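Colleague: Per the working numbering, the very first residue in the sequence shown carries number 11; after that it's consecutive.
For each residue, glycine too, the CB sits at the ideal point set by N, CA and C.
Note that this is a predicted model, so its numbers are computed, not measured.
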Amino acid sequence: MKLSTIFRLVRVLLHVLKGMAICATVFPWIGWDRRNAHIRRWSTRLLGLCNVTVSLAPGSAPVLARSMVVANHVSWLDIFVVHSLYPSHFVAKAEIRSWPLAGWLAQKAGTVFIARGNRRDLRHIFKGLVTSLEQGERVAFFPEGTTAAQGKLLPFHANLFEAAIDAKVPVQPFALTYQDAAGGAHPSVDFIGETSFAESIVLILNGPPVKAQLAILPPLATEGAHRRELAEASHKAVAAALGVS
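1) What residues in its chain sit with their C-beta under 7 Å from that of residue 96, if we drop five residues either side in the sequence?
2) Three-state secondary structure (DSSP) at residue 244?
3) Relative to the C-alpha of residue 181, which candidate in 71, 22 and 113 has its C-alpha closest?
4) Write down the C-beta distance between residue 244 and residue 183 rounded to the nearest angstrom, noting that I regard them as a contact closer than 8 Å.
5) Below 8 Å between beta carbons: does that hold for residue 199 and residue 220?
6) Over what stretch of residues does the beta strand (DSSP E) that includes residue 149 continue unbroken?
7) For residue 164, name the three-state secondary structure that DSSP assigns.
8) For residue 62 and residue 40, what's the separation of their Cα atoms in angstroms?
9) Just reading off the alpha helix (DSSP H) that residue 26 is part of, what are its end residues?
10) Along the chain, which unbroken stretches of the beta strand (DSSP E) at least 3 residues long are found entirely within the segment 176 to 217?
11) For residue 167, I'd like the list of residues in its chain whose CB is within less than 8 Å of its CB, leaving aside the five on either flank, ordered along the chain.
12) Quick check on residue 237: buried or exposed, where buried means 16 or more other Cβ atoms within 10 Å of its Cβ?
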């Protein structure tokens, strides 16, 4: 590992520790608006330390303050890219909770974790999502259920779309891409296969600058809709934005 990469890794670690300290000592005493401001600033700084810049795709739709956000899933960076612009309550797979330091931090930032195949856990979390949406919060999740390489989009699972229907809020699709300096898919960002969280961080820190782009797509009405219809419509919208079939 290059000396410059080690130096950047130490800076990332110190920033994570700072975030943990804020979550432990500040978050219990402030409301969600101020928490979201901290989350936005902290996420922006983390991405900067990882040499990631974030921009909105041209022609993006306005973001709804109260909606269920669904996005394609490429990397652990995805959550922080969205947080840097529009902090949200994320729903993520339970494996993320085991990531060193970052899993604890994600939980304190409002991420809810779902264990695969645990129907009781899913029902409990589903009720919490509906309540959060009804209270005017933005909830986000990755309906693919796992990460996929850039240029691919896995089928969207429909279960959690039901929460948006029950809460009577729109679904707003987001499309995430990561580019290199030439505008192609960045070679270091994909977080798939046997790549560990630590290996992924090193790949990104050791690689060229990353240009993350977030496309905000028009919201989908949920009144009278079925969850499978919403999942299919969201998949179609994200696929069109990514230019994949």
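Modeller: For this structure:
1) The beta carbon of residue 96 lies closer than 7 Å to those of 73 and 148 in the same chain, with the five residues before and after it left out.
2) Residue 244 sits in a helix when the DSSP states are folded into three classes.
3) Taking the Cα of residue 181 as reference, the smallest distance to any Cα among 71, 22 and 113 is reached at 71.
4) Between residue 183 and residue 244 the Cβ distance is about 5 Å, and since that is below 8 Å, they are a contact.
5) Yes. Within cutoff.
6) Its beta strand (DSSP E) spans residues 149 to 151.
7) For residue 164, the three-state secondary structure derived from DSSP is coil.
8) Approximately 29 Å between the Cα atoms of the pair.
9) Where residue 26 is concerned, the enclosing alpha helix (DSSP H) stretches over 13 to 35.
10) Whole beta strand (DSSP E) segments, 3+ residues: 181 to 189.
11) Taken in chain order, the residues that qualify are 153, 154, 155 and 241.
12) The C-beta of residue 237 has 16 or more other C-beta atoms within 10 Å across all chains shown, which makes the residue buried.
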